[in-house]
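2 protein chains.
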Amino acid sequence: MTAGTDSPLTRKLSAFALLNESETAMLERLHERRRSFSVGRDLVYQGQSRQAAYVLAAGWACSYKVQADGTRQIVDVQIPGDFLGLRSVLLRTSDHSFEPITDIEAIEVLSDDLLKLLTQMPRLATAIFWAASRDEAMVVEHLVGIGRRDAAARMAHFLLELAARLSLVGLGGRDGYDCPLTQYHLADALGLSAIHVNRVLRQLREKGLVTFRDGHVSFEDYDGLVTLADFDPTYLDQEGPLLSGA
Amino acid sequence: MTAGTDSPLTRKLSAFALLNESETAMLERLHERRRSFSVGRDLVYQGQSRQAAYVLAAGWACSYKVQADGTRQIVDVQIPGDFLGLRSVLLRTSDHSFEPITDIEAIEVLSDDLLKLLTQMPRLATAIFWAASRDEAMVVEHLVGIGRRDAAARMAHFLLELAARLSLVGLGGRDGYDCPLTQYHLADALGLSAIHVNRVLRQLREKGLVTFRDGHVSFEDYDGLVTLADFDPTYLDQEGPLLSGA
Chain A
14 MTAGTDSPLT
24 RKLSAFALLN
34 ESETAMLERL
44 HERRRSFSVG
54 RDLVYQGQSR
64 QAAYVLAAGW
74 ACSYKVQADG
84 TRQIVDVQIP
94 GDFLGLRSVL
104 LRTSDHSFEP
114 ITDIEAIEVL
124 SDDLLKLLTQ
134 MPRLATAIFW
144 AASRDEAMVV
154 EHLVGIGRRD
164 AAARMAHFLL
174 ELAARLSLVG
184 LGGRDGYDCP
194 LTQYHLADAL
204 GLSAIHVNRV
214 LRQLREKGLV
224 TFRDGHVSFE
234 DYDGLVTLAD
244 FDPTYLDQEG
254 PLLSGA
Chain F
14 MTAGTDSPLT
24 RKLSAFALLN
34 ESETAMLERL
44 HERRRSFSVG
54 RDLVYQGQSR
64 QAAYVLAAGW
74 ACSYKVQADG
84 TRQIVDVQIP
94 GDFLGLRSVL
104 LRTSDHSFEP
114 ITDIEAIEVL
124 SDDLLKLLTQ
134 MPRLATAIFW
144 AASRDEAMVV
154 EHLVGIGRRD
164 AAARMAHFLL
174 ELAARLSLVG
184 LGGRDGYDCP
194 LTQYHLADAL
204 GLSAIHVNRV
214 LRQLREKGLV
224 TFRDGHVSFE
234 DYDGLVTLAD
244 FDPTYLDQEG
254 PLLSGA
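Residue numbers (this note's numbering), protein chains in the order written: chain A, 14 to 259; chain F, 14 to 259.
Here's what the structure looks like:
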């Protein structure tokens with residue numbers, strides 16, 4: 014994948030702002046510091062200070078927190094175009110860890126470069142702020158899911174959210190998408206046991222709504238799944254740019 | 014309370030950036046559009062579009078989402094100096110509602126004014142981005158709490174987080190603080206029943222850790238409560254400014 018207008022980050026931020034040439038060029042320059050990370054090796058660990066942020070260019074990752082008793086909560090999953098650890102640059106110390114779910118390619122954005130970008134390219138900064146707001150809206154949905162949705166609605170909502178996010182960067186749609194998450198990832202993300210995850214996926218499949226098998230999610234009845242999950246994608250704000258060109 | 018250097022918002026943002034005169038003056042100007050709201054009347058409702066954001070100047074509020082089945086999840090509580098609906102200006106449609114918990118005073122920030130501030134005063138914008146990142150870190154903690162902490166640790170963590178946040182704006186500390194939350198608010202925030210909330214508060218009191226009675230939280234054994242909750246306030250990033258003066 015090339016940098017610039019074709020990169021997932023540029024595609025994503027373009028949903029918020031029509032980016033001008035110097036803004037696109039700045040995003041391209043970011044792509045020079047591209048690094049590879051292997052599955053299972055944390056990019057950023059909980060408690061680490063003054064680290065870089067990353068933009069995921071290819072592959073999947075997840076952010077998580079581990080409790081003193083060893084239990085783990087996955088906070089969110091990251092797909093191409095997503096920031097990893099953006100919040101931690103501003104808050105100085107990472108409050109969570111990032112783990113590659115597949116082998117990944119990620120663009121390193123040094124803490125000082127990011128602060129410079131934020132304070133010197135305000136329109137781009139606002140677009141990044143939009144992306145961060147969207148990330149927060151997703152964490153809010155996950156909180157509501159764990160607090161108030163039953164296991165089937167929680168799973169359905171999570172799979173539909175991923176479909177909408179992937180479609181924004183050209184990696185999926187209403188038919189389905191490739192998904193490297195295991196039942197253990199789903200369990201840690203949804204606050205369920207792995208056995209419960211299996212049972213819920215079987216129920217959704219038997220109802221003819223969705224099948225998750227061999228690394229692929231297939232929607233058999235997209236609208237039925239939306240109804241079950243009470244899924245309203247407004248919080249993802251993918252309907253076109255708010256900031257016009259400048 | 015006067016505007017400018019004494020306002021809770023200025024106090025809070027000063028923990029991130031040493032603000033210069035024009036930045037402080039801009040925050041003062043915001044304070045001109047000050048409005049009062051009564052308990053129980055929502056400021057912003059779920060699904061509302063193109064609304065203003067608010068900065069809470071006095072009193073307490075909460076953000077929440079209601080599910081189709083009528084259950085409610087409180088996402089966070091807001092105290093003086095906090096933004097209400099900042100995310101919704103960028104995302105255009107509010108993904109949640111805000112309700113005053115007490116009578117409140119709030120500064121209205123029109124959507125266009127906020128976008129102008131973000132794109133024209135980048136250092137102030139970065140400070141606001143910091144505040145939003147901190148809000149997100151709190152939602153993440155609430156997610157981890159509901160997903161992975163038992164009821165006592167969840168309650169202890171929540172009460173300690175509020176103490177740290179209130180101390181930043183001069184409204185509380187390690188002794189305790191005034192707190193207008195009812196057992197119903199605590200239940201909706203922590204994913205517990207009101208009866209369960211009562212039982213947990215009684216346990217914490219009988220262990221000599223904390224008493225919440227007549228609108229006041231008193232820490233009897235602050236360090237013991239920190240241990241029980243495994244509370245590490247690093248995510249609140251209150252240790253002093255990252256951006257120096259300019």
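Positions of the beta carbon are idealized from the N, C-alpha and C atoms, including for glycine.
Item	Value
Integer-rounded CB distance, given that Glu-112(A) should sit under 8 Å from Tyr-67(A)	Not a contact, Cβ separation roughly 12 Å.
Three-state class that DSSP yields for Pro-113(A) in the structure shown	strand
Proximity below 9 Å, CB of Ile-114(A) to CB of Leu-194(A)	yes
Simplified DSSP assignment, three categories, for Leu-97(A)	strand
Beta strand (DSSP E) segment containing Lys-129(F), residue limits	Run containing Lys-129(F): none in the beta strand (DSSP E); it sits in the alpha helix (DSSP H), 124-133.
Chain-ordered residues of the stretch 190-211 of chain A with a beta carbon less than 8 Å from chain F	Gly-204
Per-residue burial, Gly-17(A) [other beta carbons within 10 Å of its own, 16 or more giving buried]	Reliability of the predicted coordinates at Gly-17(A) is poor, the pLDDT of 39 falling under 50, and no value is obtained from them.
Contacts that Arg-100(F) makes with chain A (C-beta to C-beta distance below 8 Å)	Ser-146, Glu-149, Ala-150
Chain F residues whose Cβ lies nearer than 8 Å to that of Trp-143(A)	Leu-103, Leu-104
Minimum C-alpha distance to Glu-154(A) - residue among His-109(F), Arg-178(F), Ala-150(F)	His-109(F)
Opening and closing residue of the beta strand (DSSP E) in which Ile-87(A) lies	85-91
Gly-189(F) versus Phe-232(F) - alpha carbon distance	5 Å
Own chain residues within Cβ distance below 6 Å of Ala-150(F), not counting five before or after	Tyr-248
Whole-angstrom C-beta distance between Leu-181(A) and Ala-28(A), which should lie under 8 Å	6 Å
Nonlocal neighbours in the same chain, by C-beta distance under 6 Å from Lys-78(A), ignoring five residues either side	Gln-86, His-109
Start-end ranges of the alpha helix (DSSP H) lying completely within the stretch 139-187 of chain A, minimum 4 residues	164-181
Three-way DSSP call (helix, strand, coil) for Thr-247(A) in this model	helix
Status (buried if at least 16 other CB within 10 Å, exposed otherwise) for Asp-82(F)	exposed
Residue burial classification, Thr-139(A) (beta-carbon count within 10 angstroms, cutoff 16)	buried
Cα-Cα separation, Ala-74(A) to Ser-107(A)	16 Å
Chain A within 9 Å of Met-134(F), Cβ atoms only	yes
Test: Trp-94(F) CB closer than 9 Å to a CB of chain A	According to the sequence provided, residue 94(F) is Gly. The question's Trp does not apply to it. False, the Cβ-Cβ gap to chain A never drops below 9 Å.
Contacts of Val-157(A) in chain F (Cβ-Cβ under 8 Å)	Lys-78, Gln-80, Gln-86, Val-88
Of the residues Arg-100(A), Asp-116(A), Ile-141(A), the one placed nearest Thr-23(A), counting alpha carbons only	Ile-141(A)
Any C-beta of chain F under 9 Å from that of Asp-234(A)	no
6 Å CB neighbourhood of Val-239(F) in its chain, flanking five on each side removed	none
With 16 other Cβ atoms within 10 Å as the buried cut-off, status of Ile-208(A)	exposed
Cα-Cα separation, Asp-163(F) to Leu-205(F)	10 Å
Which of helix, strand or coil DSSP assigns to Ala-28(F)	coil
Limits of the unbroken beta strand (DSSP E) element including His-229(A)	229-232
Within 8 Å of chain F by C-beta, residues of the stretch 158-173 of chain A in sequence order	Ile-159, Gly-160, Arg-161, Arg-162
Of the residues Ala-30(F), Leu-31(F), Asp-250(F), the one placed nearest Arg-147(F), counting alpha carbons only	Asp-250(F)
Secondary structure of Gly-237(F), DSSP reduced to three states	helix
Residue-level contact to chain F via CB, Thr-247(A), 9 Å cutoff	yes
Beta-carbon neighbours of Ala-138(F), restricted to chain A and to distances below 9 Å	Leu-131, Thr-132, Pro-135, Ala-138, Thr-139, Phe-142
Residue from Ile-117(F), Ala-177(F), Val-90(F), Gly-98(F) with nearest C-alpha to Ser-51(F)	Ile-117(F)
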